[in-house]
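Reading through the structure tokens given below for one structure.
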Amino acid sequence: MLLGFKTELKLNNQQRTELLKHCGVARHAWNWGLGLTKQILDWNEENPTEKIKFPTAIDLHKWLVALVKSECPWYYECSKSTPQGALRALRIAWKYCFEKKKGVPQFKKKGQHDNFTLEGTVKILGNCKIQVPKIGVLKTYERLPFGFAVPYGGFPACRAVSPQVQPKSVTISREADRWFISLRFDVPREALRVEDSIRQTSQQESLNVSIVGVDLGVLNLATLSTGEIIEGAKSYKKYKDKLARMQWLNRHKIQGLANWKKAQMQVARLHRKIANIRKDTLHKLTTLLAKNHGVIVIEDLNVSGMMANGKLAASIQDMGFFEFRRQLTYKCELYGSKLVIADRWFPSSKTCSKCGTVKKELSLKERTFECDCGLSLNRDLNAAINLKNYSSIAAS
């Protein structure tokens, strides 16, 4: 299975310059490919009888080599896999757009979401060193998964992969003034050996009988069927006023000057802090669920539809429902748990968890679920219990 590992890089000024060059090449390739594909779509719309086949990532790269590289010699200063990765990502973005999963791809601006992908001869040389194409040896602050126990970060407590297993690809990205490298390993399942086999067996026995329903919400991140309530980080709400003030103070600064760059960096650092707090909360919760429960039941939430509610959109984004499901999906596979997705139209909030009666109306203001059978329960806890019972319904 594929495992990922992300850590911060320890760079000097020369290496930062090299990384910025690669980011520039990736951004230029993306923007060039996006402009070309939009022209093809416009032509096909205006000339339905003379349509041009929409290009693949390979086609785009062939055209890039023939048309662009000769006019842009600085492409040869960077790894050839950098524009290839950008065009591959662009083609995937168009695929999601055609499938109505995401919107139309946008042009990239310098300094925003800088990243690039490298493939080829990628080798982990030691605990804190990795060799990548064209750039050379890069150092990290954190030990890399090579010949020792894999660090916690979505990984189980297991032995590291053998030195022969090297990353399939690496993605280097910039967040404010810090650079990060993401490694992707294709590790056989038998290579993930838990240190204590006795503890693994006892945990597996408890997992087989443990079922939990998880109801996500805006007031609290998650309510478990066991009665536990997990509060969300609400990091954006906490730092919203500070972020607004920093952006307001930057309104009259002249773009491109030193003070403007300094203020922009402060804003970017705060955005990074907000995102990291949210990710930390989600990682702790999803790891707790995947390691301690055999079956986890969640709702198939229509997040995009929920975002249409202007009053709740900011709170929903702050909780990170989509990221919660993404993390829980791969962690359940990693730890051997089963993730059950309840049907989107399953009335978990309107159903009585005691007698099964379904209410026709239940407003958001009603925080307590009351039934004629005598049940009076917090509505989120009632929904979580119904989700727990859904697993037996789905199995039957």
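Count along the sequence shown starting at 1, add 443, and that's the number in our numbering.
Beta carbons: idealized from backbone N, C-alpha and C, even for Gly.
None of the values given here were measured: they were computed from a predicted structure.
When we look at the beta-carbon of residue i and count the other beta-carbons within 10 Å, is it buried (16 or more) or exposed?
{"i": "ARG768", "result": "buried"}
{"i": "PHE812", "result": "buried"}
{"i": "CYS795", "result": "buried"}
{"i": "ASN490", "result": "exposed"}
{"i": "LYS494", "result": "exposed"}
{"i": "ALA676", "result": "buried"}
{"i": "HIS504", "result": "buried"}
{"i": "CYS798", "result": "exposed"}
{"i": "PRO875", "result": "Here the chain has residues from 444 to 839 only, and residue 875 is not among them."}
{"i": "ASN752", "result": "exposed"}
{"i": "ALA472", "result": "buried"}
{"i": "LYS831", "result": "buried"}
{"i": "ILE567", "result": "buried"}
{"i": "GLY528", "result": "buried"}
{"i": "GLN549", "result": "exposed"}
{"i": "ALA701", "result": "exposed"}
{"i": "PRO516", "result": "exposed"}
{"i": "THR480", "result": "buried"}
{"i": "MET444", "result": "exposed"}
{"i": "ILE501", "result": "exposed"}
Could you spell out where the beta strand (DSSP E) holding residue i opens and where it closes?
{"i": "ASN821", "result": "819-821"}
{"i": "GLY447", "result": "445-453"}
{"i": "ALA665", "result": "665-667"}
{"i": "TRP622", "result": "621-629"}
{"i": "GLU618", "result": "612-618"}
{"i": "ILE578", "result": "Element bounds for ILE578: n/a, residue is neither H nor E."}
{"i": "ASN570", "result": "Counting along the chain, ASN570 falls outside any beta strand (DSSP E), and DSSP gives it neither H nor E."}
{"i": "ILE784", "result": "781-785"}
{"i": "VAL657", "result": "654-659"}
{"i": "THR560", "result": "558-562"}
{"i": "THR811", "result": "811-813"}
Between which residues of its own chain and residue i is the CB-CB distance below 8 Å, once the five residues before and five after are set aside?
{"i": "THR772", "result": "LEU782"}
{"i": "SER819", "result": "THR811, PHE812 and GLU813"}
{"i": "SER640", "result": "Only weak support exists for where SER640 lies, its pLDDT of 43 falling under 50; the value from the coordinates is given anyway. So the list is empty, once near-sequence residues are dropped."}
{"i": "ALA706", "result": "MET689, LEU692, ASN693 and LYS696"}
{"i": "VAL710", "result": "LEU686, MET689, GLN690 and ASN693"}
{"i": "ASN821", "result": "THR666, ARG810, THR811 and PHE812"}
{"i": "GLY928", "result": "Within the shown structure, residues of the chain are numbered from 444 to 839, placing residue 928 beyond reach of any answer."}
Can you tell me the Cβ-Cβ gap for residue i and residue j, rounded? I've got them flagged as a contact below 8 Å.
{"i": "VAL655", "j": "HIS726", "result": "That belief does not hold up - the Cβ atoms of VAL655 and HIS726 are roughly 18 Å apart, past 8 Å."}
{"i": "LEU452", "j": "PHE623", "result": "7 Å"}
{"i": "GLY780", "j": "ALA733", "result": "Rather than Gly, the amino acid found at residue 780 in this sequence is Ser. Confirmed, Cβ separation roughly 5 Å."}
{"i": "ILE741", "j": "VAL657", "result": "5 Å"}
{"i": "PRO588", "j": "PHE789", "result": "Incorrect: roughly 39 Å between the Cβ atoms, too far for contact."}
{"i": "LEU510", "j": "GLY476", "result": "In fact, because the Cβ distance is near 11 Å, the residues do not count as touching under 8 Å."}
{"i": "SER678", "j": "ARG721", "result": "5 Å"}
{"i": "THR499", "j": "ARG459", "result": "At roughly 34 Å, the Cβ-Cβ gap does not stay under 8 Å, so THR499 and ARG459 are not in contact."}
{"i": "ALA434", "j": "TYR833", "result": "The structure shown has nothing for residue 434, since the chain only spans 444 to 839."}
{"i": "LEU659", "j": "PHE764", "result": "6 Å"}
Between residue i and the rest of its own chain, which residues show a CB-CB distance below 7 Å, the 5 nearest in sequence each way excluded?
{"i": "TYR539", "result": "LYS545"}
{"i": "ASP557", "result": "CYS466, SER616 and ARG617"}
{"i": "VAL575", "result": "LEU561, VAL565, LEU581 and VAL613"}
{"i": "ARG787", "result": "ASP743 and ASN745"}
{"i": "LYS681", "result": "none"}
{"i": "GLU520", "result": "LYS464"}
{"i": "ARG715", "result": "GLU618 and ALA619"}
Could you give the residue range of the alpha helix (DSSP H) that holds residue i?
{"i": "SER412", "result": "Since the first residue shown for the chain is 444 and the last is 839, residue 412 is missing from the structure and cannot be characterised."}
{"i": "ILE483", "result": "456-489"}
{"i": "ASP502", "result": "500-510"}
Within a Cβ cutoff of 6 Å, which residues of the same chain sit near residue i, ignoring the five residues on either side of it in sequence?
{"i": "SER653", "result": "HIS736 and GLY737"}
{"i": "GLU585", "result": "THR450"}
{"i": "LEU650", "result": "Note that LEU650 scores a pLDDT of 47, beneath 50, so its modelled location is shaky and nothing firm can be said."}
Would a check of beta-carbon distances place residue i closer than 8 Å to chain B?
{"i": "MET689", "result": "Considering every chain present, this structure includes no chain B. It has just one protein chain."}
Task: Those runs of the beta strand (DSSP E) which lie wholly inside the segment 692-775 and span at least 3 residues - done: Here the runs fully enclosed are 738-742.
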